[in-house]
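Colleague: Each residue of the sequence shown is one higher than the one before, starting from 744 at the first, in the numbering used here.
From the three backbone atoms N, C-alpha and C, an ideal C-beta is built for every residue, glycine too.
Everything numeric in this text was worked out from a predicted model, so none of it was measured.
Please read through the structure below; I'll follow up with questions.
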Amino acid sequence: MNLRILKRFLQIFYISTVSFILVINYTDVSNPWGDWYYDPGPWCEKERTEYWIREPSNCIADFLFYAFCLYLIYKGFEDRENNKYQSIGQINKNSNIIIQNPGLTFIAVILQFTHFFGTFWNHACRCHPGHRLDVVGMYSITSYPGIIWIISYFYSEKLDERGKINKKQWLQIISAWSLLICFYIWVSDYWYVNPMWEVVEISIMVIISVVTLIIDNKVSNSLQYQLEKKQLGVGVLLLVIGVIAHNLDMKKIFCYPESPVQGHSIWHSVTAVAVYVVYQYQRQPMIKQSAKIY
744 MNLRILKRFL QIFYISTVSF ILVINYTDVS NPWGDWYYDP GPWCEKERTE
794 YWIREPSNCI ADFLFYAFCL YLIYKGFEDR ENNKYQSIGQ INKNSNIIIQ
844 NPGLTFIAVI LQFTHFFGTF WNHACRCHPG HRLDVVGMYS ITSYPGIIWI
894 ISYFYSEKLD ERGKINKKQW LQIISAWSLL ICFYIWVSDY WYVNPMWEVV
944 EISIMVIISV VTLIIDNKVS NSLQYQLEKK QLGVGVLLLV IGVIAHNLDM
994 KKIFCYPESP VQGHSIWHSV TAVAVYVVYQ YQRQPMIKQS AKIY
């Protein structure tokens, strides 16, 4: 595959999609989402009932998730091409389960697009199906780093000489992901009018995040990986900033309903960057601490 053509195509596709959304953002229609299950969130942004996009600020911020999704597509194909020309020595020196197995990146593409589409649908429609898909995507992409570490732990000594996951292992991974997503679908069925929605969502996100950090520490120490932790710290800091902006928005603090920048849109933006930073952190060469670095 010609990576330059792919990169140009993804850039044009992104610009075209964003341009189309901006056009329909200003298209005046008669309550296009009126027949959907109305489920408005407690956000500061003023609702525009007579437009396709009811919350433009919160929607447009979602396109950072979309941009990252297209970036993942490119990295997946780039890794696949580069792996064709690696020697066994290069793989042993710079082995990374994500880089050696682009399928893991393509799983991230599916999860990331699910989250982007769900979030966009949620804020464009203010309806329950979008809200639920948004939450399922949020749980899924937050779980991704921890799952990658678990895969590294159980399969690091069972990969072939090129660092590849075999078909049986792929079946196990996909089955585990499917079960986890089914669980997330089950626990995401809370309407915004239900006072428990916030308790459930925050609790699950905190549990996923804490468990992921514990797994990161335990697995990297167990496998004696020499990793640069600054990127992980930046990712966590961005999430904290996003949570603060998100909560200020819900409590209507510094609330300007018609502003093009909303607290909840800041939450979207910084979490998209955080997900990117953590993904880059997990793409580091997995060099053993005892290994000599040239």
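What are the boundary residues of the alpha helix (DSSP H) that includes Ala-1056?
Modeller: Past the boundaries of the shown model lies residue 1056; the chain is included only from 744 to 1037, so the question cannot be answered.
Colleague: Would a C-beta distance cut-off of 8 Å place Trp-776 and Cys-868 closer than the cut-off?
Modeller: Yes; because the gap between Cβ atoms is below 8 Å, this pair is in contact.
Colleague: Please classify Lys-1035: does DSSP put it in a helix, a strand, or coil?
Modeller: Here the model assigns Lys-1035 a pLDDT of 39, short of 50, so the residue's position is not dependable, and the following value carries that caveat. In this structure, Lys-1035 counts as coil in the three-state DSSP scheme.
Colleague: Is the beta carbon of Glu-788 less than 8 Å from the beta carbon of Pro-1000?
Modeller: For Glu-788 and Pro-1000, yes; Cβs fall inside 8 Å.
Colleague: Write down every uninterrupted run of the alpha helix (DSSP H) in the stretch 984-1008 whose length is 4 residues or greater and which is fully enclosed by it, in chain order.
Modeller: If we require 4 residues or more, the stretch 984-1008 turns out to have no alpha helix (DSSP H) run fully inside it.
Colleague: Apply the 10 Å Cβ neighbour rule to Ser-1033 and answer buried if 16 or more other Cβ atoms are within range, or exposed otherwise.
Modeller: Because the pLDDT at Ser-1033 is just 44, under 50, the model does not fix this residue reliably, and the value given afterwards should be weighed accordingly. When all chains shown are included, Ser-1033 counts as exposed.
Colleague: Is DSSP giving Tyr-794 helix, strand or coil here?
Modeller: Here Tyr-794 sits in strand by DSSP.
Colleague: Judging by CA-CA distance, which residue of Arg-791, Arg-875, Gln-1027 is the nearest neighbour of Val-772?
Modeller: Val-772 has its Cα closest to that of Arg-791, out of Arg-791, Arg-875, Gln-1027.
Colleague: Excluding the five sequence neighbours on either side, which residues of its own chain have a C-beta within less than 8 Å of the C-beta of Trp-864, listed in chain order?
Modeller: Excluding residues within five positions, the ones whose Cβ falls inside 8 Å are Cys-870, Pro-872, Gly-873, Leu-876, Asp-877.
Colleague: How should Arg-751 be labelled, buried or exposed, when 16 other C-beta atoms within 10 angstroms of its C-beta is the threshold for buried?
Modeller: Arg-751 should be labelled exposed.
Colleague: Do Val-943 and Val-954 have their C-beta atoms closer together than 8 Å?
Modeller: In this structure, Val-954 does not lie closer than 8 Å to Val-943 by Cβ.
Colleague: How big is the Cα-Cα spacing for Asn-745 and Tyr-814?
Modeller: Distance between the alpha carbons of Asn-745 and Tyr-814 is about 15 Å.
Colleague: Taking the C-alpha atoms as reference points, what is the distance between Ile-894 and Tyr-769?
Modeller: Approximately 46 Å between the Cα atoms of the pair.
Colleague: So Ser-886 and Ile-957 are supposed to be a Cβ contact under 8 Å. How far apart are they, rounded?
Modeller: Their Cβ separation, rounded to whole angstroms, is 13 Å, which puts Ser-886 and Ile-957 out of contact at 8 Å.
Colleague: Do Pro-845 and Gly-880 count as a contact pair if the criterion is CB distance below 8 Å?
Modeller: Cβ atoms of Gly-880 and Pro-845: not closer than 8 Å.
Colleague: Per DSSP, which one or two residues make a beta bridge with Tyr-896?
Modeller: In the DSSP output, where bridge partners are listed per residue, Tyr-896 has none listed.
Colleague: What residue range does the alpha helix (DSSP H) around Pro-799 cover?
Modeller: Segment 799-803, the alpha helix (DSSP H) holding Pro-799.
Colleague: Mind reading off the beta-carbon distance from Val-1013 to Gly-976? Whole number of angstroms is fine, and I expect it under 8 Å.
Modeller: Rounded, the Cβ-Cβ distance is 14 Å, inconsistent with contact.
Colleague: Once DSSP output is grouped into helix, strand and coil, what is the label at Tyr-817?
Modeller: Helix, per DSSP.
Colleague: Once you ignore the five residues that flank Ile-767 on each side, which residues in its own chain have a CB closer than 6 Å to its CB?
Modeller: Same-chain partners within the cutoff: Trp-795.
Colleague: Excluding the five sequence neighbours on either side, which residues of its own chain have a C-beta within less than 6 Å of the C-beta of Lys-836, listed in chain order?
Modeller: With a pLDDT of 48 at Lys-836, under the threshold of 50, the modelled position of this residue cannot be trusted, and the question is left open.
Colleague: Relative to the C-alpha of Trp-803, which candidate in Ala-1015, Val-1020, Val-1021, Pro-1028 has its C-alpha closest?
Modeller: Here the sequence assigns Ile to residue 803, which means Trp is not the residue at that position. Per the Cα distances, Ala-1015.
Colleague: Compute the beta-carbon to beta-carbon distance between Leu-991 and Ala-1017, rounded to the nearest angstrom, for a pair I have assumed lies under 8 Å.
Modeller: Not quite, the Cβ-Cβ distance comes to about 18 Å (not below 8 Å), so this is no contact.
Colleague: Which two residues bound the contiguous alpha helix (DSSP H) that contains Lys-911?
Modeller: Start and end: 910-930.
Colleague: Under 7 Å Cβ to Cβ from Tyr-933, same chain only, skipping five residues before and after it: list those, please.
Modeller: The answer, listed in chain order, is Met-939, Trp-940, Val-943.
Colleague: What's the call for Gln-754, buried or exposed, on a 16-neighbour Cβ count within 10 Å?
Modeller: Gln-754 comes out exposed.
Colleague: Skipping 5 residues on each side, what residues in its chain have a beta carbon closer than 7 Å to that of Val-1004?
Modeller: Cβ neighbours of Val-1004 beyond the five flanking positions: Ser-800.
Colleague: Tell me where the alpha helix (DSSP H) around Gln-754 begins and ends.
Modeller: Segment 746-768, the alpha helix (DSSP H) holding Gln-754.
Colleague: Taking 8 Å as the threshold (C-beta atoms), are Leu-807 and His-1011 in contact?
Modeller: Going by C-beta atoms, His-1011 is nearer than 8 Å to Leu-807.
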